[in-house]
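Everything below concerns the one structure shown next.
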Amino acid sequence: MEYYIYPNGNCGKSVGWILEFLGNVEKKEVKITYCDDEKIKNIPNDTPILVASYRYGESLISNLLKKGLTNYKDGIREAGLALNRFLKSRFNPYKTVAFLLDDYRSQKHFGKIEEELLGFGFCVIKFILPDILEYERLQKEFVVCQDMLCYLDSIPFVVGTGEHFCFAPNVKYMRILSSYYIPNYHAYYHSSTQLDVAKCASMLSSRWGGGAVSA
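Just so we're aligned, residue 952 is where the sequence shown starts under this note's numbering, counting upward by one.
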């Protein structure tokens, strides 16, 4: 199967990764072409075009229509639902926890949570954002973008360090607070003015080993 993904941003990379991953699982040949505004001029009209941006979706679709290209779909939704079906078929939702890695450095803040979960017989998978692909490769990893999370309801418990994510209604998210998110924490260490609130942040950070946990 041949797909054109438009545009070639982080969500586009996620869509492409998922299609290639599922193609390998199903032993099907998948050809991915990432497109920008210039490349869409050469897309055959009968070839599926996966629009991979919600922020600029209307503008992108307008560009396609101006060039007579009408065979387009919501690539984020298509890929998200396809990955969700795969996860449902492979993982027990009651014995699986997903770690959401939005920053390659954030792994240190998970501490021994993964080790403890594995000790209790849980499976741990990782949802990673395309930004960190260049830094590391992980086991049981699935590349997703933020806008895709709302379609992933097969793993109902997610752990992460970031905020402002939109999950499926049945998904519970446990956010691990790190010193990075405590107001003025960095100002305390990188400024000659040591604020009282920063001192409190430092004490909290030391007491909790680098971060507290909030649901």
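Backbone N, C-alpha and C fix where the C-beta goes; we use that ideal spot for every residue, glycine too. All values derive from a computational prediction rather than experimental measurement.
In the DSSP annotation of this structure, the continuous segment of the beta strand (DSSP E) that includes Glu-953 starts and ends at 953-957. A residue is called buried when at least 16 other Cβ atoms come within 10 angstroms of its Cβ; Gly-1031 meets this threshold and is buried. In the structure shown, Cys-1101 adopts helical secondary structure according to DSSP, grouped into three states. Counting the other CB atoms within 10 Å of its CB gives Glu-1029 a total of 16 or more, which places it among the buried residues.
Between Tyr-1124 and Leu-1038, the C-beta spacing is not below 9 Å. Within a 10 Å sphere around the beta-carbon of Ser-1105 sit 16 or more other beta-carbons, which makes this residue buried. Residues Asn-996, Asp-997, Thr-998, Pro-999, Ile-1000 of the same chain have their beta carbon placed closer than 8 Å to that of Asn-1022, with the five preceding and five following residues left out of the count.
Taken through DSSP and simplified to helix, strand or coil, Gly-967 comes out as helix. Distance between Met-952 and Val-1109, taken at the CA atoms: about 32 Å. Distance from the CA of Val-1122 to the CA of Ala-1003, rounded to the nearest whole angstrom, comes to 23 Å.
The continuous stretches of beta strand (DSSP E) do not include Ala-1003, and DSSP gives it neither H nor E. Burial is judged here by how many other beta carbons sit within 10 angstroms of a residue's own beta carbon; Arg-1006 has fewer than 16 and is exposed. When the five nearest sequence neighbours on each side are left out, the beta carbons in the same chain lying within less than 7 Å of the beta carbon of Leu-970 are those of Tyr-954, Val-981, Ile-983, Ala-1030, in order along the chain. The beta carbon of Cys-1101 sits closer than 7 Å to the beta carbons of Cys-1117, Phe-1118, Ala-1119 from its chain, once the five residues preceding and following it are set aside; these are given in chain order. In the three-state reduction of the DSSP assignment, Phe-1078 falls in the strand class, which pools E and B.
Take Leu-1011, set aside five residues on each side of it, and the residues of its chain with a beta-carbon closer than 8 Å to its own are Tyr-957, Pro-958, Val-1002, Ser-1004, in chain order. Restricting attention to Pro-1107, Arg-1126, Phe-1093, Leu-1103, the CA atom closest to the CA of Leu-973 is found in Phe-1093.
Glu-989 carries a coil assignment under DSSP once its states are collapsed to helix, strand and coil.
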